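> With the working numbering applied, the sequence shown corresponds to residues 1 to 486, in that order. Note that beta-carbon positions come from the ideal geometry of N, C-alpha and C, so glycine has one too. Given the structure is predicted, the values throughout are model-derived calculations rather than measurements. One structure coming up, written as structure tokens, with questions to follow.
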Amino acid sequence: MRGWEHTIAVDDAGREPVFLQIARALVEDVRRGRLRPGDLLPSSRALAATLRVHRNTVLAAYQELYAEGWITMEKARGTFVSRELPEPRPRHFAPSPRSVMPARAGFELGAATVQVPYRPPPRGTLLLAGGLPDVRLAPALELARAYRRALATGSSGRALLDYGDPQGHVRLRSALAAMLSATRGLAADASSLLVTRGSQMALYLIARALFQPGDVVAIEALGYRPAWEAFRQAGARLVPLPVDAAGLDVDALAQLVGRERVRAVYVTPHHHYPTTATLAPGRRLRLLELARAARLAVIEDDYDHEFHYDGRPILPLAAADEAGVVIYLGTLSKILAPGLRIGYVVAPRPVIERLTAHRAIVDRQGDQAVECAVASLLEDGVVQRHARRVRRVYQGRRDALAEALDAQLGGVVRFDRPMGGIALWAHAPGVDVDGWAARCLEAGVVFHTAKRFAFDGRARPYLRLGFATSNEVELREAVRRLRSRL
Ligand SMILES: Cc1ncc(COP(=O)(O)O)c(C=O)c1O
Numbered sequence: 001m002r003g004w005e006h007t008i009a010v011d012d013a014g015r016e017p018v019f020l021q022i023a024r025a026l027v028e029d030v031r032r033g034r035l036r037p038g039d040l041l042p043s044s045r046a047l048a049a050t051l052r053v054h055r056n057t058v059l060a061a062y063q064e065l066y067a068e069g070w071i072t073m074e075k076a077r078g079t080f081v082s083r084e085l086p087e088p089r090p091r092h093f094a095p096s097p098r099s100v101m102p103a104r105a106g107f108e109l110g111a112a113t114v115q116v117p118y119r120p121p122p123r124g125t126l127l128l129a130g131g132l133p134d135v136r137l138a139p140a141l142e143l144a145r146a147y148r149r150a151l152a153t154g155s156s157g158r159a160l161l162d163y164g165d166p167q168g169h170v171r172l173r174s175a176l177a178a179m180l181s182a183t184r185g186l187a188a189d190a191s192s193l194l195v196t197r198g199s200q201m202a203l204y205l206i207a208r209a210l211f212q213p214g215d216v217v218a219i220e221a222l223g224y225r226p227a228w229e230a231f232r233q234a235g236a237r238l239v240p241l242p243v244d245a246a247g248l249d250v251d252a253l254a255q256l257v258g259r260e261r262v263r264a265v266y267v268t269p270h271h272h273y274p275t276t277a278t279l280a281p282g283r284r285l286r287l288l289e290l291a292r293a294a295r296l297a298v299i300e301d302d303y304d305h306e307f308h309y310d311g312r313p314i315l316p317l318a319a320a321d322e323a324g325v326v327i328y329l330g331t332l333s334k335i336l337a338p339g340l341r342i343g344y345v346v347a348p349r350p351v352i353e354r355l356t357a358h359r360a361i362v363d364r365q366g367d368q369a370v371e372c373a374v375a376s377l378l379e380d381g382v383v384q385r386h387a388r389r390v391r392r393v394y395q396g397r398r399d400a401l402a403e404a405l406d407a408q409l410g411g412v413v414r415f416d417r418p419m420g421g422i423a424l425w426a427h428a429p430g431v432d433v434d435g436w437a438a439r440c441l442e443a444g445v446v447f448h449t450a451k452r453f454a455f456d457g458r459a460r461p462y463l464r465l466g467f468a469t470s471n472e473v474e475l476r477e478a479v480r481r482l483r484s485r486l
């Protein structure tokens, strides 16, 4: 071959396999014009001898180059640089005025039907909003390893890239069911559990699969708006019920049931959202009995079950449900990370089958590799250990927030330290809390006020302060800013 001298520097200890190093070096020579289309390359034996590598390594490099279209291999003649080279560099498209997206839809868009805007707060904002966990504590390395293991395990790993069961990977369903029966007293098994992308999807599926337009659904008058929006999408008529320090007013539900046919009630009994109140034992029994007698579904959203600090955790309503009225929702958003998008529903099998059929037409199935990775973290006890660790951390943060509030805003806000959950509900009598929240946002702190959670949208002098997202130093700084903007 004419005049080509290789410039290949093989690095045995390099991160890239040697055959790829050789292939890349040859491509580089083509790009720089040191090798031109049609040039003959050395035989694999000759190049191997020059580079002092095994001939199979050069053959593998040539195979790779052939597969990518850089070389041709002609029997008895030799190996040549392709006359038709693949795109040497990705082509850069100059923006064309005609490819600009039209600013408006060219058809009738109709009225917007969903009212939950999501705008991430500016970077660096201290978050006292809602009840978000601290993803800085998430077991990301364990998760990454488990994901790699799941995908890289022979044919079963590759099968995770295929279409799969819309109900969720059976391994995750089994692991979740085992966890729920061990820690929450649920009579769950893999067939009575559906894995969803977060409990939000579960709420939407329940609405679509079970509600007809006009169905009455009772909700907590201060509550979780994204659930209401999902129910509204299915045409449900929402009826708010009062909530007090003992949770949902079940007498009010009984009166409603006495007046009209109620299809379902949506509750957060463990830690009422947003006030954190726990549904009193008498009310729990009454609610189940009422649901059984009136044949209405109880949608139990147990979004932060793992976080209970003082005393014993309370078992879900579902643990005491013998009549099959409870549809139980849980999520890994708080205990692992919201970005994983893993939630689940536990309910009698016919309900799960209905929901699964609806899931399949929205999203086909979940991410099976992630589902298997999370299953292995449950099987190996990683999630349980993580839960114990963050429970202690969050308890410390709860106390730090409470102490900072007492010290800095003692005369302004009143609250009880919540026994569980990852947020605190505070009363600020006489304060325009919405104006205060707006000023705090400018000062780089976000918190939410009662108005956001109120079905009637009216302002009330209450605020919800999440304590899990920020560490103790950040919490003290956040409270300092709160005080400065009062
Ligand atoms: C009441 C309630 N339900 C459910 C969720 C969890 O949503 P997801 O599982 O979709 O992340 C949250 C999270 O903020 C919540 O506050």
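With a threshold of 8 Å, are at least 3 pairs of Cβ atoms found where one atom belongs to the region 212-220 and the other to the region 247-262?
Yes, they touch.
> So, V250 versus A221, is the Cβ gap smaller than 8 Å?
No. Outside cutoff.
> Buried or exposed: which applies to S199, given that a residue is buried once 16 or more other Cβ atoms fall within 10 Å of its Cβ?
Classification for S199: buried.
> Comparing the CB of P338 with every heavy atom of ligand 1, is any distance shorter than 7 Å?
Because some heavy atom of ligand 1 lies under 7 Å away, the Cβ of P338 counts as near it: yes.
> From which residue to which residue does the alpha helix (DSSP H) around H358 run?
Note, H358: alpha helix (DSSP H), 349-362.
> Check whether the Cβ atoms of T183 and G444 sit closer than 8 Å, and answer yes or no.
No, they are not a contact pair.
> Which residue's Cα is closest to the Cα of G420: C440, G311, D406?
Nearest option by C-alpha distance: G311.
> Return the chain-ordered list of same chain residues with a C-beta closer than 6 Å to the C-beta of R417, the five sequence neighbours on each side being excluded.
Excluding positions up to five away in sequence, the list reads A402.
> Would you mind reading off the limits of the beta strand (DSSP E) that contains T331?
Counting along the chain, the beta strand (DSSP E) containing T331 begins and ends at 326-331.
> Using the DSSP secondary-structure output, state which residues sit across from T449 in a beta bridge.
Paired residues: L463.
> Could you name the residues that DSSP lists as bridge partners for D244?
BP columns for D244 point to G247.
> Just tell me which of L172, L238, A252, G157 has its CA closest to the CA of T331.
Nearest of L172, L238, A252, G157 to T331, Cα basis: L172.
> Under 8 Å, with one C-beta from each stretch per pair, do the region 314-321 and the region 265-279 reach the 3-pair mark?
Touching, yes, given that three or more Cβ pairs across the two stretches are closer than 8 Å.
> Are D487 and K334 close, meaning C-beta to C-beta below 8 Å?
Since the first residue shown for the chain is 1 and the last is 486, residue 487 is missing from the structure and cannot be characterised.
> Quick one: using the 10 Å Cβ neighbour count with 16 as the cut-off for buried, is T50 buried or exposed?
Result: exposed.
> So what's M201 in DSSP terms, helix, strand or just coil?
In the structure shown, M201 sits in a helix (DSSP, three-state: H, G or I).
> Short of 6 Å in beta carbon distance, which residues of its chain neighbour H386, apart from the five on each side in sequence? Order them along the chain.
The answer, listed in chain order, is P139.
> Measuring alpha carbon to alpha carbon, tell me which residue in Y273, S82, G78 is nearest L65.
The shortest Cα separation from L65 among Y273, S82, G78 belongs to S82.
> For A188, which residues of its own chain have a beta-carbon under 7 Å away from its beta-carbon, when the five flanking residues on both sides are left out?
So the list reads A177, L180, S181, V346, once near-sequence residues are dropped.
> Is D380 near ligand 1, going by C-beta to nearest heavy atom under 7 Å?
No, ligand 1 has no heavy atom inside 7 Å of this Cβ.
> How far does the alpha helix (DSSP H) with H386 in it extend, from its first residue to its last?
Where H386 is concerned, the enclosing alpha helix (DSSP H) stretches over 382-409.
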